[in-house]
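Numbering (numbering that gives the first Met the number 0), first residue to last: 0 to 209.
Data block below; observations after.
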Amino acid sequence: MMGLFDTIRDNVSARQVAEYYGLKINRNDMACCPFHNDRHPSMKLDKRFHCFGCQADGDAVDYVGRLYGLGAKEAAYKIADDFNIPIEPWKRESREERNTRIRNAKEKEIEMNIRRAYAEELRQFRLKMSEFFRVLHDWEQKYAPTQEQWNAEMIDERFVTAIHCKDRVEYILDVLDFGEDEEIYDIYKHREEIIEYYEREITKAQQRAA
Ligand SMILES: [Zn+2]
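Now the structure itself:
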């Protein structure tokens, strides 16, 4: 007689369930890990999954359990439900178990949507900062004063602004890419002021240079 977990494992791989519940897997069987703040694919998926970033590891049941905050049994039921895997009647969950499972999964789903929205806003913020960086970097090269301009103190505003702002913008990008979650969140909280500030500095330099 086959147990519940074996039945599930025999029918679906970690990769299949991950894809079914929304994970995008690339051609190398790698994906951005949903269990840590992963910006480059660190998770390998096959019969099992393994994240080289946070060491999350397991099979289809473990994946779903973790994703939806379910116990192993509930996760197995969920997979059986969603994938139409027949389970021997005495191994099925009770109505009460089922209701609890669905409620838990729903709460988790909401939490995940919030997390996804945060990741997207973070991505937009990063994009904006890298645009600023590109402009400033360009200006630093393009409007660098010649010796005569330097001596005459005829220095292009754009160069001044580049020198003034570039390191800080680069620092923010660094934190966004490599910082701890809390550092990232600290900067993220101020993203509107930050964007506004650099937009203003850049516009001001353009106007003065014109
Ligand atoms: Zn991970």
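Positions of the beta carbon are idealized from the N, C-alpha and C atoms, including for glycine.
Enclosing alpha helix (DSSP H) for residue i [first to last residue]
i      : result
Ala13  : Ala13 to Tyr19
Ala151 : Note, Ala151: premise wrong, no alpha helix (DSSP H); not H, not E.
Lys23  : Careful: Lys23 lies outside any alpha helix (DSSP H) and carries neither H nor E.
Asn191 : For the record, residue 191 in the displayed sequence is Glu; it is not Asn. Glu191 -> alpha helix (DSSP H) spans Arg190 to Ala208.
Asp166 : Glu156 to Phe177
Residue from the options with nearest C-alpha to residue i
i      : options                           : result
Arg199 : Phe177, Ala161 and Glu120         : Ala161
Pro85  : Ile7, Asn36 and Gln206            : Ile7
Arg122 : Asp176, Asp137, Ile101 and Asn103 : Asp176
Asn103 : Gly178, Ala118 and Glu73          : Glu73
His35  : Asp180, Ile193, Ile171 and Asp58  : Asp180
Assigned exposure category for residue i - 16 Cβ within 10 Å defines buried
i      : result
Phe124 : buried
Phe158 : buried
Tyr184 : exposed
Cys32  : buried
Ligand 3 heavy atom lying under 7 Å from the CB of residue i
i     : result
Ala55 : Because ligand 3 does not appear in the structure shown, any question about it cannot be addressed here, the ligands present being ligand 1.
Output the residue ranges of the beta strand (DSSP E) runs that lie fully inside the region 70–146 and measure 3 residues or longer, sorted by chain position.
-> none
Beta strand (DSSP E) runs contained entirely in the region 27–72, provided each spans 3 or more residues | 42–44 and 48–50
Contact between the region 4–19 and the region 43–54: three or more CB pairs below 8 Å?
-> yes
At a cut of 8 Å, does the region 62–69 reach the region 98–108 through at least three beta carbon pairs?
-> yes
Given 8 Å, three or more beta-carbon pairs between the region 162–172 and the region 83–101 = no
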